[in-house]
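Enquirer: Under my numbering, the first residue of the sequence shown is numbered 20, with each subsequent residue one higher.
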Amino acid sequence: MLPSLFISHGSPMLALQPGASGPALAELARALSRPKAIVVVSAHWESRELLVMSNPQPQTWHDFHGFPPALYAVHYPAPGAPELARRVAERLGARLDALRPFDHGAWVPLSLMYPAADIPVVQVSLPSQAGPALQLEVGQALSALREDGILLVGSGSITHNLGELDWHAGPDAAEPWALAFRDWVVERLKAGDEQALLDYRRQAPFAARNHPSDEHLLPLYFAMGAGERFGIAHQGFTLGALGMDIYRFD
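Printed below as a string of structure tokens:
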């Protein structure tokens, strides 16, 4: 049975400059059975209500500004999966969105895992104001899809404070406050301490500094709810404070 995954997708430039994360994602994909389809919760589709992409041929949305022209030339033409979208929406009591494109939280990591873009992909929106508990429930509601060969992916970032990135930091640099937060999350995941993780804003060190807003950590709760046994596929930082960890839940 496929695991559920949490992927820290970093900057959109990951698509062109994969660093250590690109090979880690490619190796992870090779180690897994080929999915029949992929369901993604991305930090970059925030919504008020739960929505499910039912677009049969989603476009590649370059939902960012100020990057090199080569990045805007990258496209990820994976098909959608309208029938799977309907199944997902029924399980979640969600509404279908037939026009939604792929945001970069979905297509950037998937382009490194499955570059042929030949596996159908469905995105589920992120009602970010509802907090971690809802994402845990969404993961739990969809967990049985793993038995059908469907890969469940939460795409966000283990740390995400863009205002404190060091654009001159070397590949091995990591801010102590970012490390402290990442390590706290990992220890709680290893211990299966769901209540502490749900209460991370009060309990984790430097929580607000690492996540001024929740949206990039919330996909972790989706992956956690969809799987059980925690494992680490990759760890690292870029730009000093942007965590690039990849976790799996078997």
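Quick reminder that beta carbons are idealized off the backbone N, C-alpha and C, glycines included.
Nearest to residue 226 by CA position, among 51, 204, 96 and 110, is which residue?
Expert: 204
Enquirer: Can the beta-carbon of residue 180 be found less than 8 Å from the beta-carbon of residue 231?
Expert: yes
Enquirer: Is residue 21 helix, strand or coil when you go by DSSP?
Expert: coil
Enquirer: Which partner residues does residue 114 have in the DSSP bridge list?
Expert: 70
Enquirer: Per DSSP, what kind of secondary structure is residue 35 in: helix, strand or coil?
Expert: Judged by DSSP in its simplified three-state form, residue 35 adopts coil rather than helix or strand.
Enquirer: Taking the alpha-carbon positions, what's the residue 139 to residue 261 distance?
Expert: 29 Å
Enquirer: Assign residue 160 to one of three DSSP states: helix, strand, or coil.
Expert: helix
Enquirer: So, do the stretch 199-216 and the stretch 102-122 have three or more beta carbon pairs nearer to each other than 8 Å?
Expert: Too few Cβ pairs lie closer than 8 Å, so no.
Enquirer: In three-state DSSP terms, what is residue 86?
Expert: Taken through DSSP and simplified to helix, strand or coil, residue 86 comes out as coil.
Enquirer: For the beta strand (DSSP E) containing residue 249, name the first residue and the last one.
Expert: 249-253
Enquirer: Once DSSP output is grouped into helix, strand and coil, what is the label at residue 63?
Expert: strand
Enquirer: Quick one: is residue 264 buried, meaning 16 or more other Cβ sit within 10 Å of its Cβ, or exposed?
Expert: So residue 264 ends up on the buried side.
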